[in-house]
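Engineer: Just so you know, the sequence shown maps onto residues 11 to 460 in our numbering.
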Amino acid sequence: VDREHAAREVAAAAGDDAVVPARELDRYAPDSSGAPSARPLAAVRPLDASGVARVLAAASRLRVPVVPAGGRSGLAGGANADGASVVLSLDRLDRIGAVETGNLRLTAGAGARTCDVQAAALAAGLFYPPDPASLDRSTIGGNVATNAGGPRCFKYGVTAEYVLALEAVTADGRIFRTGAATRKNTAGPRLAQLLVGSEGTLAVITEATLRLVAAPAARLAATARFDSLERAGAAVAAVVASGLVPSAIELLDRTCLELIGLSGDAMLLLEVDGPDAARVRADLEALARGLRDAGADALATASDPGAVDELWRARRGLSDAFAAAAPDHLFQDICVPAAAVPDALRGIAVIAARHGLAVPVFGHAGDGNLHSTVLYDAAAGEADAAQAAEADVLRLALELGGTIAAEHGVGLLKRPFLARAVDPVALELMRAVKAALDPNGILNPGKVLP
Ligand SMILES: Cc1cc2nc3c(=O)[nH]c(=O)nc-3n(C[C@H](O)[C@H](O)[C@H](O)COP(=O)(O)OP(=O)(O)OC[C@H]3O[C@@H](n4cnc5c(N)ncnc54)[C@H](O)[C@@H]3O)c2cc1C
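1. Skipping 5 residues on each side, what residues in its chain have a beta carbon closer than 7 Å to that of His15?
2. So, for Leu428: in the same chain, excluding its five sequence neighbours on each side, which residues have a beta-carbon less than 6 Å away from its beta-carbon?
3. Should Arg147 be listed as close to ligand 1, given that the test is whether its C-beta is under 7 Å from any heavy atom?
4. Note down the Cα distance separating Arg364 from Ala395, rounded to an integer number of angstroms.
5. Indicate the three-state DSSP secondary structure (helix, strand or coil) for His418 in the structure shown.
6. Say the cut is 7 Å; is the CB of Ile215 nearer than that to a heavy atom of ligand 1?
7. Could you compute how far the alpha carbon of Leu385 sits from the alpha carbon of Gln397?
8. Which residue comes first and which comes last in the beta strand (DSSP E) that contains Ile358?
9. May I have a chain-ordered list of the alpha helix (DSSP H) segments no shorter than 4 residues that lie completely inside the region 15 to 101?
10. Only counting the same chain, and skipping five residues up and downstream in sequence, which positions put a Cβ closer than 7 Å to that of Ala94?
11. Can you tell me the Cα-Cα spacing of Ala130 and Leu220, whole angstroms?
12. Which of helix, strand or coil does DSSP assign to Ile270?
13. Of the residues Leu367, Pro347, Val371 and Leu222, which one's Cα is nearest the Cα of Leu355?
14. Counting only runs that start and end within the region 180 to 255, where is the beta strand (DSSP E) found for 3 or more residues in a row?
15. Using alpha carbons as the reference points, say which of Asp263, Asp353 and Ala227 lies closest to Phe236.
16. Can you round the beta-carbon distance between Ala431 and Leu410 to whole angstroms, since I take them to be within the 8 Å contact cut?
17. By DSSP's criteria, Ala258 is part of a beta bridge. Which residues make up the other side?
18. Within 10 angstroms of its Cβ, does Thr169 collect 16 or more other Cβ (buried), or is it exposed?
19. When you measure from the CB of Val96 to every non-hydrogen atom of ligand 1, does any distance come out below 7 Å?
20. According to DSSP, simplified to helix, strand and coil, what is Arg441?
21. Using a 10 Å radius around the Cβ and a threshold of 16 neighbouring Cβ atoms, would you call Asp283 buried or exposed?
22. Is Gly7 helix, strand or coil when you go by DSSP?
23. What residues in its chain sit with their C-beta under 8 Å from that of Leu297, if we drop five residues either side in the sequence?
24. Taking only three categories from DSSP, how would you classify Gly119?
25. Taking C-alpha atoms, which residue in Gly391, Leu301 and Glu417 lies nearest to Arg162?
26. For Ile358, which residues in the same chain have their Cβ closer than 8 Å to its Cβ, ignoring the five residues on either side in sequence?
27. Roughly how many angstroms separate the alpha carbons of Ala310 and Val318, rounded to a whole number?
28. Work out the CA separation of Thr196 and Ile150 for me, nearest whole Å.
29. What residue range is occupied by the uninterrupted beta strand (DSSP E) comprising Ala308?
30. Going by the CB atoms, is the gap between Ala333 and Gly25 shorter than 8 Å?
31. Would you identify the three-state DSSP class for Ile452, choosing helix, strand or coil?
32. Suppose contacts are defined by Cβ-Cβ distances below 8 Å. Is Leu103 in contact with Gly183 by that definition?
33. Can you give the Cα-Cα distance for Ile259 and Gly373, rounded to whole angstroms?
34. Closer than 6 Å by C-beta to Ala191: which residues in its own chain qualify, once you throw out the five before and the five after it? Chain order, please.
35. Short of 8 Å in beta carbon distance, which residues of its chain neighbour Ser47, apart from the five on each side in sequence? Order them along the chain.
36. Check the DSSP bridge columns for Leu297 and list the partner residues they point to.
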């Protein structure tokens, strides 16, 4: 009862009208990962940074755990509540400031949706490239907190590369700004970058000043089909090694193709963009030559923008399609060096066969970022095999010089594996940073650090 009373006091610190009614609390328990979650004690949706600051000051004083949340599209369980926490939803901090065309930047509230930030930039003739497939749900705060990627990141880089400055709130409720709105800044260590990928464990982000680039005037898409997944992987490695930089190289295996209503063994979905149409066409032709040399047995250039949009929509629905395709699934987000993509694909197939489970793969292959997904049925007694298969896939990624978490973060799901993935001294330093920034351990406890 004391805990409940304290949680209510924390939520009410942002004003009674910011407190989520009890009947709606269940909605604030899970993200999109399927990781364990429970109805929080309370949830609050402050209107501005000072409301966030009051909530955190109260939480620190009363030692109530706070779970920051944006669009709840996360795939690692980072925004998942437990029965002892208060969810701090940033969704109402969604103001998008005017695009500063002369300075190639804009400032957006943490709760602004990624697609709305992209649309604001485009309306001013500029481009905000990071494009998580969840962009119609995810928020800029969540993107920064997970260092989100997406298909276009092969050419343009991930969210971290677009963060110039942040406004954030410390665990004890102090609002601060860090970074600079300039292209260059060496005034002290890069504290803003420390918050990138910190998954709500170090501070709560309330606003981000983001770098923009010129919008590409031309864009062409193509598909390349292969008679084996490994051959498609080898083609990816060859394209990357050739120095060609398409704006996307997405890989889909047989199961993924079936899930979006297509057939075949493996397909690459490619996109090339740039400032002028002739150049983009020439780049696509060079890419097509490279893919044919690497064994593509069917290549189609999609000239109809409607058909291209349709293919991308289907591709973006894949993570949700997996959730529906089997009673249970374990979704991975590994990243290996591009040259190791064929080895990774071969290794995943061996692991799947060893455990007798389906492990379909899709992903941002140009980055070496593979979303292999272990499909299983816990009711049929397959849970242990599925967990063993997941551990094998993560071990494989590390053996190939890669990482267990590329763009979704660690959250709850990858937490048991973090100690294997990072240097022990580095892990100790991560703990020291956490203790310095959140001495009472109220910010998203139980996430990320083992
Ligand atoms: C269908 C689908 C496709 C996806 N595709 C991609 C993809 O292509 N690339 C990719 O990178 N991701 C992808 N994701 C994962 C997810 O969308 C990203 O991780 C996204 O960045 C999460 O944003 P969010 O606002 O929903 O954050 P949430 O899920 O609400 O939170 C994510 C984490 O950030 C923390 N957090 C949220 N807001 C703040 C804040 N303001 N301050 C501090 N911490 C905060 C939370 O505590 C949590 O740890 C996909 C998800 C789905 C469901």
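By construction, the Cβ of each residue, glycine as well, lies at the ideal position given by its N, Cα and C atoms.
Structural biologist: Taking the structure as given:
1. none
2. Val420 and Pro460
3. yes
4. 9 Å
5. coil
6. It does: the Cβ of Ile215 is within 7 Å (strictly closer) of some heavy atom of ligand 1.
7. 11 Å
8. Unbroken run through Ile358 is the alpha helix (DSSP H), Val351 to His365; no beta strand (DSSP E).
9. 59 to 72
10. Arg13, Leu51 and Pro75
11. The straight-line gap from Cα to Cα measures roughly 12 Å.
12. coil
13. Val371
14. The qualifying runs are 185 to 189, 214 to 221 and 228 to 236.
15. Asp263
16. Not quite, the Cβ-Cβ distance comes to about 13 Å (not below 8 Å), so this is no contact.
17. Glu281
18. buried
19. Closer than 7 Å to some heavy atom of ligand 1: that does not describe the Cβ of Val96.
20. Helix at Arg441.
21. A buried status is given to Asp283, since no fewer than 16 other beta-carbon atoms sit within 10 Å of its beta-carbon.
22. Not covered by the structure: residue 7. The range shown for the chain is 11 to 460.
23. Ala232, Val249, Leu254, Pro256, Leu280 and Val282
24. strand
25. Per the Cα distances, Glu417.
26. Closer than 8 Å at Cβ, skipping near neighbours: Val369, Val371, Leu380, Ser382, Val403 and Leu406.
27. 11 Å
28. 24 Å
29. Ala308 to Ala312
30. no
31. coil
32. no
33. Taken atom to atom, the span from the alpha-carbon of Ile259 to that of Gly373 is near 9 Å.
34. Residues of the same chain with a CB within less than 6 Å of the CB of Ala191, apart from the 5 flanking positions on each side, are Leu174, Ala175 and Thr219 in chain order.
35. Ala39, Pro40, Asp41, Gly87, Asn90, Ala91 and Asp92
36. DSSP, once it has assigned bridges, lists no residue as partnering Leu297.
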